[in-house]
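**Q**
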Amino acid sequence: ASVPGTRDVVNLMRLQRTDLDLGIDTEKAALFGVPAIEADRTVRLAVAGLAAGTYREPDGDEYDITLRLPIGARPTLDLLQSVQVSSLAGRQVPLAQITDPGFRTTASQIKRYNRERAVTVTAHPATGYATDDLTRQVLAKLDALAWPPGYRYIAAGEIEARSESFSGLGVAMLVAVFGILAVLVLEFGSFRSMLIVFGVVPLGITGGLVALFLTGYTLSFTSLIGVIALVGIEIKNSILLVDFTNQLREKGKALDDAIAEAGEVRFLPILLTSLTAIGGLMPLAVQGSGLYSPLAIVIIGGLISSTLLARLVTPVMYKLLPPAIEPAALVEALPAGEPQPA
40 ASVPGTRDVV NLMRLQRTDL DLGIDTEKAA LFGVPAIEAD RTVRLAVAGL AAGTYREPDG
100 DEYDITLRLP IGARPTLDLL QSVQVSSLAG RQVPLAQITD PGFRTTASQI KRYNRERAVT
160 VTAHPATGYA TDDLTRQVLA KLDALAWPPG YRYIAAGEIE ARSESFSGLG VAMLVAVFGI
220 LAVLVLEFGS FRSMLIVFGV VPLGITGGLV ALFLTGYTLS FTSLIGVIAL VGIEIKNSIL
280 LVDFTNQLRE KGKALDDAIA EAGEVRFLPI LLTSLTAIGG LMPLAVQGSG LYSPLAIVII
340 GGLISSTLLA RLVTPVMYKL LPPAIEPAAL VEALPAGEPQ PA
């Protein structure tokens, strides 16, 4: 509760239950021949009362008959001074001879987690505060406490849910990346083309992370889903540019001319595609939802960076790693039976 930004703090141990502890001296009780259970029963009879039966009126209504001492006001510890307990021999023993009564605080309820006693303390972030920042502040204060032996804490809530989600998401991301690489190799039949197409991925991811930082969001589960979606959109745009460059080279264009023409012709469709996606995601980004806004912001930031930077990076990578493409026009112009050019 002392961390600014927390609200609705629930601590089940904040209000403890107060019980009456008789403090029975077992040795004295044994000397007087008084069982401990008899002392408890007598005190309950005196203070709270015991059910002795029911009373039924002529109209059919029933009432419980409770037997207890005649207490006119609220019972106090002084009342127990006048209570006597029956021994096994039938003698009356003053309760004060065998007890030292007092009030003791105890837990209102006892919960267990994996067979260990556990207390759950929960809180919610206030408007305008990030859950991750508040959690780090709370954990820092918990680490500074002097924990007694046998006591420890476990950070649950969003941290636990995030770790469980990320553990399965990492495998999914690896499968998605290797699947994309396999599709690119099958489509182009060249590792060089695959590397050129995949070269835009770091540009988009960097832009998405920068957008998250500027907007104040953290790398959550939904933002990672946005990264996966961003990779697919980036690769689609890069495929358009690389495939068109390969087509121009097949038609007999020189390497530099094919790169320049493909960049000019395909840049406008790629730009319009990115602007369309950004416009569609803008309502999600500006609504301030902690669940969906990070996803939209990652995609928007990644599209902006990849669209602008890929205009320079992809042609340079194509120039440095040109795929081996044979002009189709040259092959068709050769007479039949004449050896192919090296």
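Converting from the sequence shown to the numbering used here requires adding 39 to each position, the first position being numbered 1. Glycine is no exception: its CB is placed at the ideal position from the N, C-alpha and C atoms.
1. Per DSSP, Phe142 is paired with what?
2. Let's test the definition: count the other Cβ atoms within 10 Å of the Cβ of Ile104 and tell me whether it reaches 16, buried, or not, exposed.
3. Go to Ala90, then tell me how far its beta strand (DSSP E) extends in each direction, as first and last residue.
4. In angstroms with no decimal places, state the Cα-to-Cα distance between His163 and Ala268.
5. Going along the chain, which residues of its own chain have a beta-carbon closer than 6 angstroms to the beta-carbon of Thr254, five neighbours each way excluded?
6. In chain order, what residues of the same chain lie with their CB nearer than 6 angstroms to the CB of Pro362, ignoring the 5 residues before and after it?
7. Give the straight-line distance between the Cα atoms of Leu106 and Arg191, rounded to the nearest whole angstrom.
8. Suppose the cutoff is 6 angstroms on Cβ atoms and the five residues either side in sequence are ignored; what does the same chain contact list for Arg46 look like?
9. State the Cα-Cα distance for the pair Ala75 and Gln55, rounded to the nearest angstrom.
10. From what residue to what residue does the beta strand (DSSP E) around Thr166 run?
11. Which residues in the same chain have their Cβ closer than 7 angstroms to the Cβ of Leu330, if we skip the five residues on either side of it in sequence?
12. So the alpha helix (DSSP H) Asn285 belongs to, where does it begin and stop?
13. Ordered along the chain, which non-local residues of its own chain (more than five positions away) have a Cβ less than 6 angstroms from that of Met356?
14. Which residues share a DSSP beta bridge with Asp182?
15. Answer yes if the stretch 210-223 comes into contact with the stretch 312-331, meaning at least three C-beta pairs across the two stretches below 8 angstroms, and no otherwise.
16. What's the gap between the Cα of Val240 and the Cα of Arg154?
17. Going by DSSP, what residues sit across from Thr346 in a beta bridge?
18. Tell me, to the nearest whole angstrom, how far the beta carbon of Ala250 is from that of Ile339; I am working on the premise that it is less than 8 angstroms.
19. Which residues does DSSP list as the beta-bridge partners of Asn50?
20. At the level of alpha carbons, what is the spacing between Arg350 and Lys275?
21. Can you name, in chain order, every residue of its own chain whose Cβ lies under 7 angstroms from the Cβ of Ile149, other than the five neighbours on each side?
22. Below 6 angstroms CB to CB, which residues in the same chain sit around Thr138 once its five sequence neighbours on both sides are set aside?
23. Note down, in chain order, each residue of its chain lying with its Cβ closer than 7 angstroms to the Cβ of Ser344, except the 5 sequence neighbours on either side.
24. For the alpha helix (DSSP H) holding Pro241, just list the boundary residues, first then last.
25. Can you find the residues in the same chain that come closer than 8 angstroms, C-beta to C-beta, to Asp295, ignoring five residues on each side of it along the sequence?
26. Taking the straight line between their C-alpha atoms, what separation do you get for Asp58 and Lys180?
27. Have a look at the DSSP bridge pairing and note the partners of Ser125.
28. Output the distance between the C-alpha atoms of Val266 and Leu173, rounded to the nearest integer angstrom.
29. Which residues in the same chain as Tyr102 place their Cβ atom closer than 6 angstroms to its Cβ, once the five residues preceding and following it in sequence are excluded?
30. Under DSSP, the alpha helix (DSSP H) around Lys67 begins and ends at which residues?
**A** Per the coordinate set shown:
1. Leu59
2. exposed
3. 89-95
4. 30 angstroms
5. Ile336
6. Ser229, Arg231, Ser232
7. 47 angstroms
8. His163, Ala165
9. 26 angstroms
10. Taken as a continuous stretch (DSSP letters only), Thr166 belongs to no beta strand (DSSP E), as it is neither H nor E.
11. Thr261
12. 260-289
13. Ile235, Gly238
14. DSSP output for Asp182 lists no bridge partner at all.
15. no
16. 48 angstroms
17. Answer is none; Thr346 lacks a bridge partner.
18. 6 angstroms
19. Val160
20. 14 angstroms
21. Arg156
22. Leu61, Gly62, Ile63
23. Leu242, Gly243, Thr245, Gly246
24. 240-254
25. Lys358
26. 32 angstroms
27. Gln131
28. 25 angstroms
29. Tyr94
30. 65-71
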